[in-house]
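Undergrad:
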Amino acid sequence: RWEDTSFRLNPSKLLVPFDERKDDLDAYLHRFETIAKSQNWPEHQWATALSTCLSGEALSAYGRLTPTDAANYAKVKAALLKRFRFTVEGFRDRFRTGKPADGKTATQHAVRLSHYFDRWIELSGTAQEYGELRELLIKEQFLSSCHPSLSLYLKERRAKSLEDMLELADQFLEAQGVTNLAKVKNVGSEDSKKPAPEQKKQTPENVTRCFLCNRVGHRASSCRTNFTRPSGLKCFSSVDKLGTRPTHVATKRPNLSGQPLCMLRKKKKKKNPRRGDNRGVC
Numbered sequence: 001r002w003e004d005t006s007f008r009l010n011p012s013k014l015l016v017p018f019d020e021r022k023d024d025l026d027a028y029l030h031r032f033e034t035i036a037k038s039q040n041w042p043e044h045q046w047a048t049a050l051s052t053c054l055s056g057e058a059l060s061a062y063g064r065l066t067p068t069d070a071a072n073y074a075k076v077k078a079a080l081l082k083r084f085r086f087t088v089e090g091f092r093d094r095f096r097t098g099k100p101a102d103g104k105t106a107t108q109h110a111v112r113l114s115h116y117f118d119r120w121i122e123l124s125g126t127a128q129e130y131g132e133l134r135e136l137l138i139k140e141q142f143l144s145s146c147h148p149s150l151s152l153y154l155k156e157r158r159a160k161s162l163e164d165m166l167e168l169a170d171q172f173l174e175a176q177g178v179t180n181l182a183k184v185k186n187v188g189s190e191d192s193k194k195p196a197p198e199q200k201k202q203t204p205e206n207v208t209r210c211f212l213c214n215r216v217g218h219r220a221s222s223c224r225t226n227f228t229r230p231s232g233l234k235c236f237s238s239v240d241k242l243g244t245r246p247t248h249v250a251t252k253r254p255n256l257s258g259q260p261l262c263m264l265r266k267k268k269k270k271k272n273p274r275r276g277d278n279r280g281v282c
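Throughout the sequence shown, residue numbering follows the UniProt record's numbering, covering 1 to 282 in sequence.
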């Protein structure tokens, strides 16, 4: 009978090997224990059976145990959970920072948060006598992990229970056509989504503008702004034998003859009295 039991203890036929890149260790161990109990495997052989399903870092953690501890399933489980940070602090952080996964419904996300919360309380040794407090904390964490639009939608509905809130969330996802609770579309009217039409600048063509200071309401000939002439500009409206006069600038508007019209008056040069010239001086 002992040989028959050992022969039937073959977890590889019922459980795929553990892959740390995609498998949740805590959920994997829970599944292993469920299969072991349903198959009536002797508990003293659970540690050996589990070792055949491990790989990578999980197998390395198992290999660092003493032979006595390696044969004790409780110590093997504790070592694996500690290695992958499935501890009191680990489950608390997972509960606080858990994000919705793609393709998961609101109910599935809430179940995962509930599992993290229960394991956090279990490992911390806290008495599980909280009832409505547990549901309140799960609802609060669920709302904080959802998209702000979905969170606002659920708060406005004021669901009395966690179950009612999850039903509303799933209906919202179905109506929006999305698969992630944290990536839903913004809720709002169609008019608010339309871009505002660009306002055209209305500048009458007949507005008088000064080309010197670029202000409207006067011409360059009556400009009172202290305008500093750029060094590269010259007046071409009055040309003498010596060439262009760089002391002022011509207006862009031509006169009746088609020539540019100079709108600035030339400054008269002040004659300095010659030294030694005392004529007219008393």
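For glycine and all other residues, C-beta sits at the position ideal for the given N, C-alpha and C. Only a predicted model underlies this, so the values are computations on that prediction, with no experimental measurement involved.
1. Looking at C-alpha atoms only, which residue of Q108, A78, C146 and T87 is the closest neighbour of P121?
2. So which of L29, F18 and D102 has the shortest CA-CA distance to K183?
3. Work out the CA separation of T225 and R209 for me, nearest whole Å.
4. I'd like to check one pair, L168 with L157: are the Cβ atoms closer than 8 Å?
5. Given a threshold of 16 other Cβ atoms within 10 Å of its Cβ, counted over all protein chains shown, does Y28 qualify as buried or as exposed?
6. Please check the pair F32 and L15, which I expect to be a contact at CB under 8 Å, by giving their CB distance rounded to whole angstroms.
7. Looking at the strands, I want to know which residues DSSP matches up with R209.
8. Flag this pair as touching only if the region 112 to 119 and the region 135 to 143 have three or more C-beta atom pairs under 8 Å; answer yes or no.
9. Could you have a look at Q39 and say whether DSSP puts it in helix, strand or coil?
10. Is it the case that the region 38 to 51 contacts the region 71 to 80, given that we only count it when at least three CB pairs across the two stretches are under 8 Å?
11. Is Q176 helix, strand or coil by DSSP?
12. Considering Cα atoms alone, identify which of F18, T97 and G90 is closest to Y62.
13. Using a Cβ-Cβ cutoff of less than 6 Å, which residues in the same chain neighbour R83 once the five nearest sequence positions on both sides are dropped?
14. Taking 8 Å as the CB-CB cut-off, is A78 touching chain D?
15. If you draw a straight line from the alpha carbon of I35 to that of Q128, how long is it in whole angstroms?
16. Could you give the distance in angstroms between the alpha-carbon of D170 and the alpha-carbon of F91?
17. Rounded to whole angstroms, what's the CA-CA distance from D24 to R64? Just pull it up for me.
18. At 4 residues or longer, what runs of the alpha helix (DSSP H) sit wholly inside the region 37 to 96?
19. Once DSSP output is grouped into helix, strand and coil, what is the label at P17?
20. Given a threshold of 16 other Cβ atoms within 10 Å of its Cβ, counted over all protein chains shown, does H147 qualify as buried or as exposed?
21. What are the start and end residues of the alpha helix (DSSP H) that includes R157?
22. Mind checking which residues open and close the alpha helix (DSSP H) that includes S144?
23. Where does L181 fall in DSSP's three states?
24. Measuring only the C-alpha atoms, how far is L9 from S51?
25. Whose CA, out of Q108, A79, H30 and L136, lies closest to the CA of T179?
26. Closest to R94 by CA distance: which of K104, R119 and A78 is it?
27. Take the Cβ of D164 as the centre, count every other Cβ of all protein chains shown within 10 Å, and call the residue buried at 16 or more, exposed below.
TA: Let me lay it out:
1. Position 121 of the sequence shown, counted from the first residue, corresponds to residue 121. One point to set straight first is that residue 121 is Ile, not Pro, in the sequence displayed. Here the closest residue by C-alpha is T87.
2. What you label residue 183 is simply residue 183 of the sequence shown in a count that begins at 1. For the residues L29, F18 and D102, the minimum Cα distance to K183 belongs to D102.
3. The sequence position of residue 209 within the sequence shown is 209, counting from 1. The sequence position of residue 225 within the sequence shown is 225, counting from 1. The alpha-carbon atoms of R209 and T225 are separated by roughly 13 Å.
4. Numbered from 1 along the sequence shown, position 157 holds the residue referred to as residue 157. Numbered from 1 along the sequence shown, position 168 holds the residue referred to as residue 168. At residue 157 the sequence reads Arg, which differs from the Leu that was named. A contact, by the Cβ cut-off of 8 Å.
5. For the purposes of this step, residue 28 is identified with residue 28 of the sequence shown, where counting begins at 1. Result: buried.
6. The residue you call residue 32 lines up with position 32 of the sequence shown. The residue you call residue 15 lines up with position 15 of the sequence shown. The pair is a contact, with the Cβ atoms about 6 Å apart (cut-off 8 Å).
7. Taking the sequence shown and counting its residues from 1, one reaches residue 209 at position 209. Bridge partners of R209: V216.
8. yes
9. Within the sequence shown, residue 39 is the residue found at index 39, counting from 1. It is coil, neither helix nor strand.
10. yes
11. Mapped onto the sequence shown, residue 176 falls at position 176. Of the three classes helix, strand and coil, the one that applies to Q176 here is helix, per DSSP.
12. Within the sequence shown, numbered from 1, the residue matching residue 62 stands at position 62. Cα-wise, what sits closest to Y62 is F18.
13. On the sequence shown, residue 83 is found 83 positions in, with the first residue counted as 1. Cβ within range, chain order: A61.
14. Any reference to chain D falls outside this structure, which holds one protein chain only.
15. Along the sequence shown, read from residue 1 onward, the residue named residue 35 stands at position 35. Along the sequence shown, read from residue 1 onward, the residue named residue 128 stands at position 128. Going by the C-alpha atoms only, they are around 27 Å apart.
16. Residue mapping note: residue 170 aligns to position 170 of the sequence shown, counting from 1. Residue mapping note: residue 91 aligns to position 91 of the sequence shown, counting from 1. Approximately 26 Å, taken between the alpha carbons.
17. Residue 24 sits at position 24 when you count from the first residue of the sequence shown. Residue 64 sits at position 64 when you count from the first residue of the sequence shown. Cα to Cα, the separation comes out at about 21 Å.
18. 46 to 51, 56 to 63, 67 to 70 and 73 to 83
19. For the purposes of this step, residue 17 is taken as residue 17 along the sequence shown, with counting starting at 1. In the three-state reduction of the DSSP assignment, P17 falls in the coil class, being assigned neither a helical nor a strand state.
20. Residue mapping note: residue 147 aligns to position 147 of the sequence shown, counting from 1. The residue is buried, with at least 16 neighbouring Cβ atoms inside 10 Å.
21. For the purposes of this step, residue 157 is taken as residue 157 along the sequence shown, with counting starting at 1. Looking at the DSSP string, the run of the alpha helix (DSSP H) that includes R157 is P148 to R157.
22. As a first step, residue 144 must be located in the sequence shown, where it is residue number 144. E132 to S145 is the span of the alpha helix (DSSP H), which, as asked, contains S144.
23. By one-based count along the sequence shown, residue 181 stands at place 181. DSSP places L181 in coil when its eight states are reduced to three.
24. Working through the sequence shown from its first residue, we reach residue 9 at position 9. Working through the sequence shown from its first residue, we reach residue 51 at position 51. Rounded to the nearest angstrom, the two C-alpha atoms are 13 Å apart.
25. By 1-based counting over the sequence shown, the position of residue 179 is 179. T179 has its Cα closest to that of Q108, out of Q108, A79, H30 and L136.
26. If you number the sequence shown from 1, residue 94 lands on position 94. Answer by Cα proximity: R119.
27. Counting from 1 along the sequence shown, the entry for residue 164 is found at position 164. D164 is exposed by the Cβ-count criterion.
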